[in-house]
Amino acid sequence: MKRYTAVANLRGSHNFRNITECAKYIWRTEGFRGYTAGFLPPLMSVTFVRVISFSTYQNVKYRISDEYERITGVSPLIYYNQTGSIPSLATITTFTVAGMCAGLAASPFACPFELAKNVVQTSVLMSYRSQASPDAVRDPKVRSLPRLGTIQAFRKIINRHGFRGLYTGYHLHALRDTIGTGLYFGIYETVKQVIAKEMGKPAQSPFGPPMVAGALCGTVPWLVTYSLDTRKTRAQSILLGRTKEIGEASVAVARSSMYKGLSVSLMRTSFQNMILFSLFEYTKTKINNLEA
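Mapped onto UniProt numbering, the consecutive letters of the sequence shown carry residue numbers 1 to 292.
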């Protein structure tokens with residue numbers, strides 16, 4: 001699904017009218033390989049980035065809670081873990097600020113790999129831009145056009161733009177992840193707390209509340225930050241295009257919608273975070289029981 005989103009984010013410069021046409025174009029020009037393009041960079045980076053993000057979040061939220069307790073005498077985390085507690089300004093602020101710090105801390109590591117993924121996914125499209133219209137696919141040779149590999153993408157970016165090229169669109173990436181991750185954890189913890197209270201379950205229960213909260217914490221931040229993600233993706237994806245085409249694509253991007261491909265991203269992130277947080281809470285419960 002993320003492959004559709006990356007290409008769909010370029011629809012303003014490639015004349016795709018909707019996700020269906022984008023998917024059909026990928027099949028007609030690239031075959032099945034087009035749907036699996038760019039999977040290696042996320043595979044290489046996602047574990048490391050998740051570790052940084054969740055570790056930073058856990059450490060910062062405890063520090064914020066301790067500092068708040070030192071000033072007011074009340075610990076937001078102790079209050080949060082009480083059965084039947086409801087969200088407060090202190091708990092929401094603690095989780096949101098800790099999440100913002102987590103997103104900002106992980107962004108320097110995530111940006112180069114996300115950039116490489118976007119370049120790999122759109123390399124055939126950029127090299128065959130004259131046939132980018134869904135109604136213009138006539139040449140079967142496009143299926144045999146060589147796709148950039150991940151290492152090739154890194155090399156080409158560095159050769160053409162230097163190491164700074166790996167951080168093309170970084171300001172948008174960092175802003176997206178800082179805002180998005182703050183909302184991500186803030187919404188997750190708050191919704192989980194509300195649902196746990198209504199269901200009469202502890203907030204740490206690995207199933208039920210985390211699944212619903214995980215789905216919501218994935219979709220709401222995307223609604224808020226999707227336009228930033230679109231601008232970042234487009235800037236990164238056209239990075240290796242010819243100079244003239246980069247200029248043409250940039251003009252087209254400025255005129256096109258910033259919310260192309262949103263529905264695909266929302267479906268993907270909902271299921272992904274339902275699974276992620278259920279496993280996270282389950283694992284955390286098991287670890288806490290071992291410590292006891």
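Glycine included, each C-beta is placed from N, C-alpha and C at the ideal position.
Because the structure is a prediction, the values reported are computed rather than measured.
Might you give, ordered along the chain, the residues of its own chain that have their beta carbon closer than 7 Å to the beta carbon of residue i, omitting 5 neighbours on each side?
i, result
"L216", "I187, V191"
"T283", "none"
Can you find the residues in the same chain that come closer than 6 Å, C-beta to C-beta, to residue i, ignoring five residues on each side of it along the sequence?
i, result
"V51", "none"
"Y80", "T91"
"G218", "T269, S270, N273"
"S75", "S65, E69"
"L77", "S65"
Pull up the distance between the alpha-carbon of residue i and that of residue j, whole angstroms please.
i, j, result
"Y62", "S227", "32 Å"
"P209", "Q272", "15 Å"
"Q193", "V49", "26 Å"
"S250", "L172", "Reliability fails at S250, whose pLDDT of 48 lies under 50, so the model's placement of it is uncertain and the value that follows must be treated cautiously. For S250 and L172, the distance between alpha carbons rounds to 15 Å."
"V119", "R176", "19 Å"
"A196", "S85", "9 Å"
"I71", "F163", "45 Å"
"T83", "G182", "24 Å"
"G149", "K117", "9 Å"
"A174", "G200", "38 Å"
"G214", "N289", "23 Å"
"T225", "G73", "36 Å"
"P221", "I179", "8 Å"
"Q121", "F277", "28 Å"
Does DSSP put residue i in a helix, a strand or coil?
i, result
"T83", "coil"
"S88", "coil"
"Q73", "The question names Gln, but residue 73 is Gly in the sequence shown. G73 falls in the coil class under three-state DSSP."
"G99", "helix"
"F280", "helix"
Report all residues from its chain with a CB closer than 8 Å to the CB of residue i; omit the five preceding and five following residues, and keep chain order.
i, result
"F154", "P112, A116, L166"
Inside the stretch 162–238 only - alpha helix (DSSP H) runs reaching at least 4 residues: 170–199, 209–237
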